[in-house]
Amino acid sequence: MSALSRLRVLLMGDRQASRVVPPSGFTVWLTVFTAGAMAFLAVFALALSLATGRLADRWADALARTATVRISAPEGQMQAQVDAVMEILRTTPGIASARVLPEAEQRALLEPWLGPDLPVEDLPVPQLIEVTENGEGYDATGLRLRLAGEAPGAVFDDHTRWRRPLVRAAARLRALGMISLGLIALATAAMITLSANAALAANARVIAVLRLVGARDVYIARAFMRRFTGRALEGAGAGTVLGMLAIAFLPEADAAGGFLTGLGFRGLDWALPLLIPPAAGFVAFWATRAAALRVLRRIT
Amino acid sequence: MIELENVAHSYGGGELLSGVSLKLAPGSFHFLTGPSGAGKTTLLKLCYGELVPTAGHVGLFGRELREMSRDDIARTRRRIGVVHQDCQFLDHLPLDENVALPLTVSGRGGEAEAGNLRELLSWVGLTARAKALPPQLSGGERQRAALARAVIMAPDVILADEPTGNVDWEMSQRLLTLLVELNRMGKAVLIATHDLTLIRAAKAQVAARVLRIKDRRLQLAGADL
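Heads up: the protein sequence lines correspond to chains A and B, in order. Just so we're aligned, residue 0 is where the first sequence starts under numbering that gives the first Met the number 0, counting upward by one. Just so we're aligned, residue 0 is where the second sequence starts under numbering that gives the first Met the number 0, counting upward by one.
The structure is reproduced here in C-alpha cells:
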C-alpha cells in the first residue's frame with residue numbers, strides 16, 4: 000500500500016473496517032463534549048497568552064527607551080532651568096534626543112484627570128521633557144547628580160522603577176497561559192485515554208475475535224483510533240468555533256484607555272485557534288493508539 | 000505444516016499436556032479425542048498460536064512460534080482455518096459479514112470476493128440466512144457459518160473444535176461431509192470431538208487417524224474404534 004493510500008484509509012477510514020467495532024451509545028457524546036469543552040478553554044488560554052504577550056511587548060517597547068525629566072520651578076526661572084536641563088541632556092553620552100513637551104501635549108495628558116475646561120495656563124504645571132536613549136544606555140545616577148547641581152527643580156524619572164514589574168507580570172501571565180494550554184492538551188489526552196480504555200474493555204470480545212481471524216494489531220487499533228480521533232475533531236471543532244465567537248463578541252477595550260490591550264485576537268492571530276481542532280485530533284490519535292496497543296498486548 | 004515437538008502446557012497448576020508431539024501434513028485427516036477437560040481445546044490453541052507451550056517447540060509453517068512477532072502470528076492465522084467451539088462471531092454484524100471477516104481484516108474484502116462469499120454460503124446452505132445476526136441463528140446454522148468462515152481464506156489447515164457439538168446427527172453428517180470434501184482438496188484437517196459415531200462415520204469416507212489424549216499424553220488410538 001502506498002503512503003498516500005495509507006493516509007487516505009487512516010483519515011477517511013474504510014467503511015468496512017470501522018464496522019467491525021460495534022457502535023457505542025451515548026458515551027460517544029461525553030467524549031465529544033469533553034473535547035469541545037477543552038477546546039473552548041484552549042481558545043481562552045491562547046487569547047490570554049497572546050494578549051499578555053502583546054502587553055509585555057508594548058510596555059517593554061514603549062517604555063524601554065524613554066525617560067522623563069519633570070521640572071517644577073517658579074514662574075520666572077522655568078525657561079532658564081529648561082535650557083539648563085536641555086544642555087545637560089545634550090551633552091550626556093547615551094542620550095539620543097530630548098524634547099520639551101509642547102503645551103498642547105501636556106494639556107492632553109492632563110485632560111483625563113482635570114477635564115477639558117480647566118485653564119491649565121494659570122496653574123503651576125511642571126514642564127516635561129521626553130528623553131530618548133540610544134542603544135548603549137546612559138549613567139542614570141551621574142545624570143541625576145548633574146541635574147541636581149544645575150537645575151534644582153528637575154526630577155529625572157527613567158520609568159524602570161514601575162516598568163520592570165509590569166513587564167515581568169505580563170511575561171508571567173503569558174507563561175501561565177502557555178502552561179494552561181499544555182495542561183489542557185494533557186487533560187485531553189488523559190480523557191481520551193480513559194474513554195478509549197473503556198471502549199476497549201467493553202469490546203474485549205470483539206478484539207479477541209478479530210485477533211483469532213488474523214487481524215493485525217494496527218488494524219484493530221486503527222478501528223478505535225479512527226473513531227476517537229473523529230470524535231475529538233468534532234468536539235474540538237465545535238468548542239473552538241464557540242470560543243472564537245465568544246472572543247469576537249467580547250466588549251472592545253477602548254483605545255484611549257487601552258493601557259490593557261483587551262483579551263482577544265488581532266489580525267493573523269485569528270488563525271491560531273484554528274490549530275486547536277487538529278491538535279486535539281493529533282492528541283486523540285496518539286492517546287488512543289497507545290491505549291489500544293497496550294490492551295492488545297494482553298491478547299494473543 | 001504444523002509441528003508440535005515434545006510440547007507441554009500448564010495453566011499454572013499441574014501440567015495439562017506433556018510430551019506431546021504431532022505433525023499435521025498436507026492432506027492428512029486427524030481426529031482428536033479424549034474426555035472433557037483432557038486438553039483437546041488447549042492442544043488446538045497451541046496449533047494456532049493462541050497459547051504458547053510451557054515446554055517444547057511449536058512450528059507453524061516452518062517457523063518457531065516463540066520467535067514469531069504478533070503480526071507474524073496474525074498472518075499465520077490467515078492460513079489456518081479454525082472452527083471454534085463457541086463459534087466466536089461478532090454479534091453486531093450479519094452472518095455474511097461475519098463469514099467474510101477474515102477477508103475484511105486482511106484487507107481483501109469488498110466486491111472482488113463477493114462472488115466467493117455467495118458460493119461459500121450456498122455450499123454450507125446459509126444463503127437465505129445471510130443477513131441474519133448471529134444470535135438469531137440456530138446451533139447448526141452457527142456451526143456451518145463457523146466452518147464457512149474457517150475456510151474463506153482458503154487455508155492450508157483446518158482445525159475444528161467440537162464442530163458437531165450442538166447439532167443433530169443429520170447435521171453433523173453434513174458438516175463432516177464438508178470437512179471431508181475440503182480434505183480431498185488437499186487441506187490438512189484436525190477435528191477435536193468426543194463423538195465416536197462421528198469418527199466411525201468418517202472412517203468410511205476418509206483415511207483418518209485418531210489421536211487420543213490420555214494421562215496428559217497424546218496417543219495414537221488403534222483399530223479399536
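Here a beta-carbon is modelled for each residue, glycine too, at the ideal position from N, C-alpha and C.
The beta carbon of Pro162 (chain B) sits closer than 7 Å to those of Val82, Gln142, Leu146, Leu174 and Ile190, all from its chain and outside the five residues before and after it, given in chain order.
Cα atoms of Glu132 (chain A) and Arg89 (chain A): separation of roughly 11 Å, rounded to the nearest angstrom. One thing to note: Arg69 (chain A) has its Cβ within 8 Å of the Cβ of Asp156 (chain A).
For Ala99 (chain B), the three-state secondary structure derived from DSSP is coil. Listed along the chain, the chain A residues whose CB falls inside 7 Å of the CB of Arg69 (chain B) are Asp216. Rounded to the nearest whole angstrom, the C-alpha separation of Leu119 (chain B) and Ala34 (chain A) is 45 Å.
Distance from Ser9 (chain B) to Thr53 (chain B) at the Cβ level is roughly 5 Å; contact confirmed, criterion being Cβ atoms closer than 8 Å. For Asn5 (chain B), the uninterrupted beta strand (DSSP E) run begins and ends at Ile1 to Ser9, by DSSP. Across the structure, Ala222 (chain A) and Gln204 (chain B) are spaced so that their CA atoms are roughly 44 Å apart.
Collapsing the DSSP output to three states places Thr53 (chain B) in coil. For Thr126 (chain B), no alpha helix (DSSP H) run applies, since DSSP gives it neither H nor E. Close to His91 (chain B), with beta-carbon spacing below 7 Å, are these residues of chain A in chain order: Pro21. Every alpha helix (DSSP H) stretch that sits fully inside the segment 69-136 of chain A and reaches 4 residues is listed by chain position as 77-90 and 102-113. Taking 8 Å as the cut-off, the Cβ atoms of Leu244 (chain A) and Leu47 (chain A) do not count as close.
Flagged as an interface residue toward chain B: Val212 (chain A), by a C-beta distance shorter than 8 Å.
Considering only beta carbons, the part of the segment 42-57 of chain B lying closer than 9 Å to chain A consists of Lys44, Tyr47, Gly48, Glu49, Leu50 and Val51, in chain order. The beta carbon of Thr299 (chain A) sits closer than 8 Å to some beta carbon of chain B. Taking 8 Å as the CB threshold, Ala73 (chain B) lines the interface with chain A. Listed by position along chain A, the residues whose Cβ is nearer than 9 Å to that of Pro134 (chain B) form an empty set, because the closest Cβ is around 13 Å away. Taken through DSSP and simplified to helix, strand or coil, Arg143 (chain B) comes out as helix. At a cut-off of 8 Å between C-beta atoms, Arg77 (chain B) counts as an interface residue with respect to chain A. It is roughly 45 Å from the alpha-carbon of Ala195 (chain A) to the alpha-carbon of Gly26 (chain B). Pairing Phe248 (chain A) with Leu241 (chain A), the inter-Cα distance amounts to about 11 Å. Here the C-alpha atom of Ala201 (chain B) lies approximately 8 Å from the C-alpha atom of Val179 (chain B). Proximity of Val81 (chain B) to chain A, defined by a Cβ-Cβ separation below 8 Å, is satisfied. Runs of the beta strand (DSSP E) lying entirely within the segment 133-217 of chain B, each at least 3 residues long, are 156-160, 187-191 and 208-213 in chain order. Residue contact check for Val27 (chain A) against chain B: no CB pair falls below 8 Å. Pairing Pro115 (chain A) with Glu104 (chain A), the inter-Cα distance amounts to about 13 Å.
If you look at Thr32 (chain B), you'll find it in the beta strand (DSSP E) that goes Phe28 to Thr32. Among the bridge pairs identified by DSSP, Val81 (chain B) is matched with B:Leu158. Chain B has a Cβ within less than 8 Å of the Cβ of Leu209 (chain A). Taking a Cβ-Cβ cut-off of 7 Å, the neighbours of Pro101 (chain B) in chain A comprise Val212 and Gly213, given in sequence order.
The Cβ-Cβ distance between Pro93 (chain B) and Ala131 (chain B) falls below 8 Å. Distances from the alpha-carbon of Ala36 (chain A) to those of A:Gln78, A:Ala286, A:Ala107 and A:Gly236 put A:Gly236 closest. With respect to chain B, the C-beta atom of Val205 (chain A) has a partner C-beta closer than 8 Å.
Taking Gln87 (chain B) as the centre and dropping the five residues before and after it, the same chain places the C-beta of Ala145 closer than 8 Å to its C-beta, in chain order.
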